[in-house]
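Student: Note that the sequence shown covers residues 19 to 143 in our numbering.
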Amino acid sequence: MGLAGAVWAELPVAEFSLAWQHSIEKVRWEEDYRVTPAGLQLGWARVKGSGAGMEIPADATLREGAWHYLRQVPPLQPLRLGRTPEAGDYQLCVDGRCQALSVWLGPPQAAEPALELWSCAVHSP
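#1: For the candidate residues Cys111, His86 and Asp107, whose alpha-carbon lies nearest to that of Arg64?
#2: By alpha-carbon positions, which one of Gly83, Gln109 and Arg46 ends up nearest to Leu36?
#3: Taking all protein chains shown into account, do 16 or more other C-beta atoms lie within 10 angstroms of the C-beta of Glu49, making it buried, or fewer, making it exposed?
#4: With distances taken from CA atoms, which of Leu94, Ala84 and Leu60 is nearest Gly67?
#5: Is it right to say Gly69 is buried, meaning 16 or more other beta carbons lie within 10 angstroms of its own, or is it exposed?
#6: Anyone know if the C-beta pair for Trp122 and Ala27 falls short of 8 Å?
#7: Any heavy atom of the ligand ZN closer than 7 Å to the beta-carbon of Asp77?
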């Protein structure tokens, strides 16, 4: 998986999760991705509550305190993430261990308001 913003990095992973806290509702959101030749394939998502812009799909099921649902979207290539001081940071989770993207990229900055992730099998800088 490629990771680009202020820096470029390559992470040798086949799957990962992104987690973040909703900037207004302060509710954790998680999405699972697989790295495929066609791009990053979004799979299961989890959210611990609803609120502004966080409508829970009708087919979601409540398990372990979070709503789980499967997303049906084409592979994303690239996956563009908004990353600003106001919105906070994402966590990148691999094998059940999560680290804030700021570990690699520094804190979110208004001068670099977005980050792109992609499947390295298709894209190179």
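In this text, a Cβ means the ideal position worked out from N, Cα and C, and glycines have one as well. For clarity, every value in this text was computed on a predicted model and none was experimentally measured.
Tutor: The answer reads as follows:
#1: Counting from one through the sequence shown, the residue named residue 64 turns up at place 46. Closest option to Arg64, Cα to Cα, is His86.
#2: Stepping through the sequence shown from its first residue, residue 36 is reached at position 18. It is Gln109.
#3: Counting from 1 along the sequence shown, the entry for residue 49 is found at position 31. Looking at its Cβ environment, which holds 16 or more other Cβ atoms inside 10 Å, Glu49 is buried.
#4: To locate residue 67, count along the sequence shown from 1; it is residue 49. Considering only alpha carbons, the answer is Ala84.
#5: The residue labelled residue 69 in the question sits at position 51 within the sequence shown. With fewer than 16 Cβ atoms within 10 Å of its Cβ, Gly69 is classed as exposed.
#6: On the sequence shown, position 104 is the one that residue 122 refers to. On the sequence shown, position 9 is the one that residue 27 refers to. Yes, Cβ-Cβ distance for Trp122 and Ala27 is below 8 Å.
#7: As for the ligand ZN, it is missing from this structure, which has no ligand bound.
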